[in-house]
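Residue numbers (UniProt numbering): 1 to 263.
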């Protein structure tokens with residue numbers, strides 16, 4: 001008896017198989033093209049030569065800082081990235097490193113522009129005759145000689161005392177101005193003793209305690225002291241009552257200057 005031969009015959013036509021393989025090939029081609037397109041687009045957008053940041057817009061109410069100062073601060077960063085790659089925080093940090101900049105906001109504008117809005121520091125006093133103190137009591141290293149306001153009071157004190165000294169200036173200056181005196185300089189030594197130099201050359205020694213009480217005493221006593229018609233070098237108010245006055249020596253005086261107590 002002859003064994004039966006069994007053959008498997010595909011019911012799918014050759015056209016159907018070709019169509020399936022063709023669809024698979026098309027799908028793979030689409031995936032490959034998509035990957036290439038994404039890669040090429042990324043390379044194009046991150047190429048600094050294609051999308052360079054070449055424009056700068058500076059905004060803000062600026063009196064001392066110039067557009068060129070901001071430009072130079074950014075250029076000092078070295079290589080500038082493209083619109084897509086350049087980090088905004090790095091730009092902001094570079095701008096805020098400028099002495100006159102209190103705060104800066106930086107953003108990018110398509111396709112090639114950096115926009116920065118700057119808040120400029122407001123000088124409230126000089127610091128040690130060289131630098132400046134802003135309205136928050138922060139010392140910043142802009143030269144005092146560049147300030148147009150020549151009436152700023154010079155503060156001289158230990159490192160870290162600028163905020164305390166500015167507060168003292170704001171407390172004492174109005175009282176003195178009301179009495180007709182202009183403050184030129186305020187000093188604070190390491191023992192926290194205060195001294196004030198007035199525009200008439202008189203030095204007030206206030207000490208460490210009760211400075212406002214002693215200042216009021218000076219204002220009260222000054223008319224009496226002035227009546228003596230002598231040139232005053234200093235008035236020492238570091239007493240519970242009264243004051244000690246140091247007179248300036250005249251050209252015909254041979255003896256040292258004389259102190260006198262006033263009550």
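Glycine is no exception: its CB is placed at the ideal position from the N, C-alpha and C atoms.
So what does DSSP say about residue i, is it helix, strand or coil?
i: residue 256; result: Only weak support is given to the placement of residue 256: the predicted model assigns it a pLDDT of 48, under 50, and the value that follows is read from those uncertain coordinates. Here residue 256 sits in coil by DSSP.
i: residue 179; result: coil
i: residue 216; result: helix
i: residue 117; result: strand
i: residue 126; result: strand
i: residue 191; result: coil
i: residue 186; result: strand
i: residue 245; result: strand
i: residue 221; result: helix
i: residue 138; result: coil
i: residue 144; result: helix
i: residue 107; result: strand
i: residue 81; result: coil
i: residue 112; result: coil
i: residue 62; result: coil
Going by the beta-carbon positions, is the gap between residue i and residue j smaller than 8 Å?
i: residue 143; j: residue 123; result: no
i: residue 196; j: residue 206; result: yes
i: residue 181; j: residue 198; result: yes
i: residue 132; j: residue 147; result: yes
i: residue 53; j: residue 80; result: yes
i: residue 208; j: residue 243; result: no
i: residue 127; j: residue 161; result: no
Throw me the rounded Cβ distance for the residue i and residue j pair, which I believe falls under 8 Å.
i: residue 231; j: residue 184; result: With 8 Å as the limit, residue 231 and residue 184 do not qualify as a contact, their Cβ atoms being about 17 Å apart.
i: residue 103; j: residue 96; result: 7 Å
i: residue 70; j: residue 113; result: That belief does not hold up - the Cβ atoms of residue 70 and residue 113 are roughly 13 Å apart, past 8 Å.
i: residue 202; j: residue 234; result: 7 Å
i: residue 60; j: residue 106; result: With 8 Å as the limit, residue 60 and residue 106 do not qualify as a contact, their Cβ atoms being about 12 Å apart.
If you drop the 5 nearest sequence neighbours on each side, which residues of the same chain put their C-beta closer than 8 Å to that of residue i?
i: residue 212; result: 171, 172 and 175
i: residue 67; result: 56 and 58
i: residue 94; result: 73, 74, 76 and 77
Between the options, which has its C-alpha nearest residue i's C-alpha?
i: residue 78; options: 84, 127, 91 and 67; result: 91
i: residue 137; options: 164, 228, 241 and 218; result: 164
i: residue 86; options: 100, 99, 101 and 109; result: 109
i: residue 220; options: 209, 237 and 229; result: 237
i: residue 149; options: 125, 139, 159 and 135; result: 125
i: residue 228; options: 190, 30, 210 and 247; result: 247
i: residue 178; options: 89, 28, 215 and 30; result: 215
i: residue 145; options: 200, 135, 129 and 159; result: 129
i: residue 239; options: 204, 223 and 250; result: 204
Apart from the five residues on each side of it in sequence, which residues of its chain come closer than 6 Å, Cβ to Cβ, to residue i?
i: residue 65; result: 100 and 120
i: residue 157; result: 165 and 188
i: residue 88; result: 106
Report all residues from its chain with a CB closer than 7 Å to the CB of residue i; omit the five preceding and five following residues, and keep chain order.
i: residue 141; result: 99 and 131
i: residue 190; result: 158
Contact criterion: CB-CB distance below 8 Å. Does residue i meet it with respect to chain C?
i: residue 118; result: Structure shown: chain C not included; a single protein chain is present.
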